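Student: Protein sequences appear in the order of chains A and B. Count the first sequence with the numbering used here and you get residues 12 to 440, in order. Count the second sequence with the numbering used here and you get residues 12 to 440, in order.
Protein chains: 2
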Amino acid sequence: MSSVSAAETTENATVARVQAMGRAARAAARLMARADTGTKNRALKAIAAELDARRGELAAANARDMQQGRDNGLDAALLDRLELNDARIDGMIEGLNQIAELADPVGEISDLKYRPSGIQLGKMRVPLGVVGIIYESRPNVTIDAASLCLKSGNATILRGGSEALHSNGAIAACIAAGLKQAGLPETAVQVVDTTDRAAVGALITMPEYVDVIVPRGGKGLIERISREARVPVIKHLDGICHVYLDDRADPQKAFDIALNAKTHRYGVCNAMETLLVAQAVAADFLPKLAAAYGEKGVELRGCEKTCAILPQALAASEEDWATEYLAPVLSIRVVANMDAAMDHIARYSSGHTEAIVTEDYTRARRFLAEVDSSSVMVNASTRFADGFEYGLGAEIGISTDKIHARGPVGLEGLTSQKWIVFGDGQIRE
Amino acid sequence: MSSVSAAETTENATVARVQAMGRAARAAARLMARADTGTKNRALKAIAAELDARRGELAAANARDMQQGRDNGLDAALLDRLELNDARIDGMIEGLNQIAELADPVGEISDLKYRPSGIQLGKMRVPLGVVGIIYESRPNVTIDAASLCLKSGNATILRGGSEALHSNGAIAACIAAGLKQAGLPETAVQVVDTTDRAAVGALITMPEYVDVIVPRGGKGLIERISREARVPVIKHLDGICHVYLDDRADPQKAFDIALNAKTHRYGVCNAMETLLVAQAVAADFLPKLAAAYGEKGVELRGCEKTCAILPQALAASEEDWATEYLAPVLSIRVVANMDAAMDHIARYSSGHTEAIVTEDYTRARRFLAEVDSSSVMVNASTRFADGFEYGLGAEIGISTDKIHARGPVGLEGLTSQKWIVFGDGQIRE
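#1: Let's test the definition: count the other Cβ atoms within 10 Å of the Cβ of Ile-409 of chain A and tell me whether it reaches 16, buried, or not, exposed.
#2: Leaving out five residues before and five after Ser-237 of chain B in sequence, what residues of the same chain have Cβ atoms less than 7 angstroms from its Cβ?
#3: Check this for me: beta carbons of Met-32 of chain A and Gln-201 of chain A, under 8 angstroms apart or not?
#4: Please report how far the alpha carbon of Arg-92 of chain A lies from the alpha carbon of Ser-173 of chain A, in whole angstroms.
#5: Could you pull out every residue in the same chain whose Cβ sits closer than 6 angstroms to the Cβ of Tyr-255 of chain A, ignoring the five residues on either side in sequence?
#6: What is the residue span of the alpha helix (DSSP H) that Arg-227 of chain B lies within?
#7: Check the Cβ-Cβ distances between Ala-357 of chain A and every residue of chain B, and say whether any is below 8 angstroms.
#8: Where does the unbroken alpha helix (DSSP H) through Cys-185 of chain B begin, and where does it stop?
#9: Going by CA-CA distance only, name the one from B:Leu-132, B:Ala-74, B:Glu-61 that's closest to Asp-101 of chain B.
#10: In angstroms, rounded to a whole number, what distance separates the CA positions of Leu-159 of chain B and Ala-111 of chain B?
#11: In chain B, what lies closer than 9 angstroms to Arg-126 of chain A by C-beta?
#12: According to DSSP, is Phe-378 of chain A part of a helix, a strand, or is it coil?
#13: Are there 16 or more other CB atoms within 10 angstroms of the CB of Asp-122 of chain A, so buried, or fewer, so exposed?
#14: Looking only at C-alpha atoms, which of A:Leu-161, A:Ser-148, A:Pro-419, A:Ala-71 sits nearest to Leu-107 of chain A?
#15: Please confirm if the stretch 217 to 224 of chain B is in contact with the stretch 136 to 152 of chain B, defined as three or more CB-CB distances below 8 angstroms between the two stretches.
#16: Tell me the residue span of the beta strand (DSSP E) that contains Ile-407 of chain A.
#17: Any beta-carbon of chain B closer than 8 angstroms to the one on His-363 of chain A?
#18: Determine whether the Cβ of Lys-413 of chain B lies closer than 8 angstroms to any Cβ atom of chain A.
#19: Tell me the residue span of the alpha helix (DSSP H) that contains Asp-63 of chain B.
#20: Thinking C-alpha only, which one of A:Lys-429, A:Pro-116, A:Leu-425, A:Ala-72 is nearest Gly-441 of chain B?
#21: Look at the alpha carbon of Asp-204 of chain B and the alpha carbon of Lys-316 of chain B, and state the distance between them as a whole number of angstroms.
#22: Just the C-alpha distance for Arg-344 of chain A and Ala-333 of chain A, rounded to the nearest angstrom, thanks.
#23: Using a Cβ-Cβ cut-off of 8 angstroms, state whether Val-225 of chain A counts as contacting chain B.
#24: Can you name the start and end residues of the beta strand (DSSP E) that Gln-437 of chain A belongs to?
#25: Which residues in chain B sit within 7 angstroms of Gly-143 of chain A, going by Cβ to Cβ distance?
#26: Against Glu-381 of chain B, what residues of chain A qualify as contacts under a CB-to-CB distance less than 9 angstroms, listed in chain order?
#27: For Lys-307 of chain B and Arg-136 of chain A, I'd like the C-alpha separation in whole angstroms.
#28: Name the chain B residues that come within less than 7 angstroms of Ser-428 of chain A, Cβ to Cβ?
#29: For a contact meaning CB atoms closer than 7 angstroms, what does Gly-140 of chain A contact in chain B?
#30: What is the DSSP secondary structure of Gln-201 of chain B, counted as helix, strand or coil?
#31: Quick one: residues in its chain with C-beta nearer than 6 angstroms to the C-beta of Val-340 of chain A, no 5 flanking neighbours on either side, listed in chain order?
#32: Ala-265 of chain B: which of B:Ala-303, B:Gly-278, B:Leu-232 sits nearest, CA to CA?
#33: Counting only beta-carbon atoms, is Asp-435 of chain B nearer than 8 angstroms to chain A?
#34: For Asp-475 of chain B, which of B:Ala-87, B:Val-292, B:Ile-268, B:Pro-322 has the nearest alpha-carbon?
#35: With distance defined between alpha-carbon atoms, name the residue in B:Thr-25, B:Ser-163, B:Leu-190 nearest to Arg-53 of chain B.
#36: Is Asp-261 of chain A close to chain B? Criterion is C-beta to C-beta, closer than 8 angstroms.
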């Protein structure tokens with residue numbers, strides 16, 4: 012009985028703390044929204060300088076997390092993500108400087124035009140307000156997310172993985188010092204400093220203080236947050252990406268793109284998971300591709316027609332078409348034509364990225380127009396679907412939603428547009 | 012016991028029916044997304060022709076709703092909204108023709124540029140998919156909403172008020188006939204034909220079939236839908252709009268705008284509810300304005316300083332500042348300066364529309380940049396915040412959210428943008 016009460020007391024304290032952070036963030040957001048570009052850039056550069064100056068502190072904090080991780084039996088991949096070595100600190104510093112170089116989206120006015128009433132109407136880009144970011148182990152996300160939100164004039168509440176608590180705390184100290192040096196409120200970027208899971212529940216259910224939540228992490232985390240959040244969520248679920256090799260594809264482009272989209276990196280959301288091949292060219296294209304995949308150690312799972320061409324392929328099950336492998340595994344389906352390929356995509360795609368390889372003008376236009384994914388490509392590798400490749404600077408995530416932000420989300424995805432009216436005394440008649 | 016089972020059976024049947032509509036809408040959405048502009052315009056004009064040809068049927072259906080409404084004791088205002096007379100049918104026909112004239116947002120490509128990798132990157136505007144619209148008594152919303160969704164390439168499920176069931180059914184028949192004539196799927200616009208409230212619950216909780224919900228109606232309806240929806244909601248809650256009369260305002264503009272913003276129409280969301288006046292000009296401006304409000308029968312509720320200047324004003328309570336009167340009532344507050352006005356707005360505004368009246372360049376710029384509402388105006392009446400005045404054609408609603416669509420929502424708010432990539436065989440190195 013008394014332990015239940017203790018747990019409840021802790022939970023109430025956590026909720027109260029997160030709400031206090033929310034109130035502070037809401038107040039800071041007003042100041043951030045009117046901070047000028049120079050001030051925000053000075054803050055970004057001051058944070059970079061702090062990271063550089065405090066490498067010792069960062070290493071010590073990270074060593075505590077790493078030791079704790081080893082003690083708790085974290086696997087090698089998680090420990091690798093958790094590590095904050097000099098190269099990663101250099102990467103964070105470079106990221107901050109890159110974001111300082113990006114154009115400031117806030118205050119951008121577009122589409123100014125006179126209406127028949129005489130008012131001049133336009134749109135002004137403005138920050139969203141307070142952005143809550145929930146992520147897992149990698150501590151460098153703390154800097155990525157904070158810097159994008161800062162540059163776009165938002166206040167941020169960051170909730171990192173409990174295994175990175177000390178590293179994130181040390182990074183938060185650098186951020187606070189940098190904000191202060193630039194004359195911005197330290198509460199513009201707040202890092203939740205408790206591992207109590209009630210913090211997440213509180214953060215996603217206070218629309219009065221938080222305007223949008225961006226979850227980054229495994230599917231379980233994102234599904235839970237989407238289900239329980241009472242504020243909008245910019246989210247990314249699966250990346251089941253397709254490449255369709257048309258019968259009018261250039262064979263060399265088809266080979267290069269199909270190989271690159273699968274094997275450039277396996278564990279990324281923009282890697283191809285299913286290859287669709289037009290029947291007329293399947294016997295031509297597949298053996299050479301399969302040999303190249305074989306050299307890279309990619310396991311192939313195919314439809315009946317694929318297996319008839321490729322004896323090394325296993326039979327694909329219905330589940331394969333709906334699976335994001337994130338691994339050296341590829342499902343392959345031979346389809347009658349582009350319409351059949353688009354039907355397959357409409358059914359199984361997660362709406363992330365799809366590509367066609369073709370030299371046919373009309374098919375390229377149709378594929379671009381009709382495929383309903385956040386990125387649709389002609390004759391390019393799906394691996395290009397990425398904030399850096401798209402020139403956004405760092406990305407806060409890749410949205411597979413259609414509302415608000417779609418695809419890689421950079422500074423612009425962290426803003427909204429309001430209408431502005433310049434008048435000379437106009438009234439409605 | 013048996014009556015509970017009967018109710019449950021009805022509810023299950025309703026849910027199954029709405030889900031079947033969702034499946035049909037999802038299938039229709041793919042066809043709608045690729046319908047060309049000419050086809051969509053032909054459908055809009057065919058629906059207009061059907062409305063014109065079936066005036067008798069519409070009148071008969073509406074007469075049934077009106078009689079039922081009178082029998083159920085609906086008040087005069089509700090009965091007025093429910094009525095579908097010849098002038099209102101003319102209005103719907105005109106609306107359809109206007110939307111046919113608007114530019115098609117779908118397929119618009121913007122920001123095409125080459126990236127260092129050689130890919131050419133841009134954005135293409137695309138429909139959201141399936142839009143669910145939930146509204147109350149006015150049957151003309153059925154046409155407004157259906158036509159905006161149709162032109163923007165979306166499929167729609169409409170759930171009107173139960174008191175307009177027969178009228179909406181007759182309108183739905185015109186829409187289906189028009190879609191068919193243009194060769195578009197009749198399931199592109201579906202009207203829920205049951206008054207069972209379980210239909211709303213089902214419609215807002217099937218993300219697999221519905222991409223966004225737009226509720227239109229009273230605050231209670233909208234709050235309930237926001238709370239219970241499992242899909243994004245484009246919503247409008249309050250319209251607590253402010254006009255700030257600066258001490259550098261042109262007196263004539265100040266008078267005209269303050270009078271127009273309150274008295275042009277009372278029951279609308281873009282009417283001014285609170286007037287803020289700079290202390291230095293309050294004694295000058297307020298008596299003349301109060302006299303004009305008095306002539307129109309507007310009740311005034313003021314802060315202490317206002318009441319000292321205007322003996323006819325009642326004392327405003329804290330609650331007044333947070334109230335959307337939608338009536339000939341106005342709260343007035345004397346403030347020290349523009350900063351105090353902006354503080355008041357930040358605290359009490361619903362984020363709909365605010366205006367400043369000033370001749371001061373720097374203050375105008377600051378007010379525009381710093382006030383966080385969906386429309387911010389200089390020297391113009393808040394009454395201009397409206398889809399028609401902004402040139403959007405009909406509006407599906409006015410959003411007071413910051414995510415996705417803000418302010419009046421027309422065709423563009425019913426679309427999203429996807430990234431498109433034109434390549435020549437590029438792969439990631």
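Note that the Cβ used here is the ideal one computed from N, Cα and C, for glycine as well. All values derive from a computational prediction rather than experimental measurement.
Tutor: In this structure, then:
#1: Under this definition Ile-409 of chain A is a buried residue.
#2: Excluding residues within five positions, the ones whose Cβ falls inside 7 angstroms are Val-244, Lys-246.
#3: Judged by beta-carbon spacing, Gln-201 of chain A lies within the 8 angstroms limit of Met-32 of chain A, meaning their Cβ atoms are closer than that value.
#4: Taking the straight line from one Cα to the other gives about 13 angstroms.
#5: Here the set comprises Leu-287, Ala-352, Ile-367.
#6: Run containing Arg-227 of chain B: none in the alpha helix (DSSP H); it sits in the beta strand (DSSP E), 223 to 227.
#7: Yes, its Cβ sits closer than 8 angstroms to a Cβ of chain B.
#8: In the DSSP assignment, Cys-185 of chain B falls within the unbroken alpha helix (DSSP H) covering 176 to 192.
#9: For Asp-101 of chain B, the closest C-alpha among the options B:Leu-132, B:Ala-74, B:Glu-61 is that of B:Glu-61.
#10: Approximately 9 angstroms, taken between the alpha carbons.
#11: Chain order gives the chain B residues near Arg-126 of chain A as Phe-395, Glu-400, Tyr-401, Gly-402, where near means a beta carbon separation below 9 angstroms.
#12: Three-state result, Phe-378 of chain A: helix.
#13: With fewer than 16 other beta carbons inside 10 angstroms of its own, Asp-122 of chain A counts as exposed.
#14: Considering only alpha carbons, the answer is A:Leu-161.
#15: The stretch 217 to 224 of chain B is in contact with the stretch 136 to 152 of chain B.
#16: Where Ile-407 of chain A is concerned, there is no enclosing beta strand (DSSP E), given that its DSSP letter is neither H nor E.
#17: No - not a single Cβ of chain B is within 8 angstroms of the one on His-363 of chain A.
#18: Chain A, which has a Cβ nearer than 8 angstroms to the Cβ of Lys-413 of chain B, makes this yes.
#19: Going by DSSP, Asp-63 of chain B is part of the alpha helix (DSSP H) stretching over 48 to 64.
#20: What the structure shows of chain B is the stretch from 12 to 440, and residue 441 of chain B is not part of that stretch, so it cannot be assessed.
#21: Roughly 55 angstroms separates the two Cα atoms.
#22: So the two alpha carbons sit approximately 13 angstroms from each other.
#23: No, Val-225 of chain A lies away from the interface with chain B (no Cβ there is under 8 angstroms from its Cβ).
#24: Residues 426 to 437.
#25: Residues of chain B with a Cβ closer than 7 angstroms to the Cβ of Gly-143 of chain A do not exist, since the nearest Cβ in that chain sits about 13 angstroms away.
#26: Correct list: Arg-41, Ala-44, Arg-45.
#27: Straight-line measurement puts the Cα of Arg-136 of chain A at about 38 angstroms from the Cα of Lys-307 of chain B.
#28: It should be noted that the sequence gives Gln, not Ser, for residue 428 of chain A. Counting only Cβ-Cβ distances below 7 angstroms, Gln-428 of chain A has contacts in chain B at Arg-417, in chain order.
#29: Here the neighbours are Lys-413.
#30: It is a strand residue.
#31: Here the set comprises Glu-310.
#32: Of the candidates B:Ala-303, B:Gly-278, B:Leu-232, the one whose C-alpha sits nearest the C-alpha of Ala-265 of chain B is B:Ala-303.
#33: Against chain A, the CB of Asp-435 of chain B has a partner CB under 8 angstroms away; the residue lies at that interface.
#34: Shown here, chain B extends from 12 to 440; a query on residue 475 of chain B therefore has no answer.
#35: Minimum Cα distance to Arg-53 of chain B is reached at B:Leu-190.
#36: Cβ-Cβ to chain B under 8 angstroms: yes for Asp-261 of chain A.
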